[in-house]
Amino acid sequence: MLPLTTHTLEKLELLLKSGGYKVRYEKGNFKTGACLLQNSKMIVVNRFSNLESRIQSLVELTREIEIDHHLLDDKQIAFLHQLKQTNLQL
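The following block contains the structure:
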């Protein structure tokens, strides 16, 4: 099980940034969670969502998108495999 801490959120953000994605926290009229903008490697997360929602949204997106393993180090690759195999329990 993945711990719901700020450290986990930072690891997710670093994984996505290393994979070429930009993670932004914005306020707006979209549902709590995250979205992947078309034709760009940008992930927008609702600024007002809580820590658990942010982590859950980023984990779901990380499972859906393809990240080039050549851009990641060994620890990030292991973390990515862990994310794709583990179910997040809230």
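Under the numbering used here, think of the first position of the sequence shown as 331, with each following residue one higher.
We put the beta carbon where it would ideally sit given N, CA and C, even for glycine.
In this text, all values refer to a predicted model and were calculated from it rather than measured experimentally.
Around the beta carbon of T392, a 10 Å sphere encloses 16 or more other beta carbons of the protein chains shown; the residue is thus reported as buried. A Cβ-Cβ separation of about 4 Å places G349 in contact with I397 under the 8 Å criterion. Less than 9 Å separates the beta-carbon of N376 from that of E356. With contacts defined as CB atoms closer than 9 Å, L345 and Q406 qualify as a contacting pair.
Judged by DSSP in its simplified three-state form, K414 adopts helix. Pairing V353 with M372 gives a Cβ-Cβ distance under 9 Å. Scanning the region 357-390 for uninterrupted beta strand (DSSP E) segments of 3 residues or longer gives 364-366 and 372-376, listed from N- to C-terminal end. Remark: C-beta atoms of L413 and V389 approach each other more closely than 9 Å.
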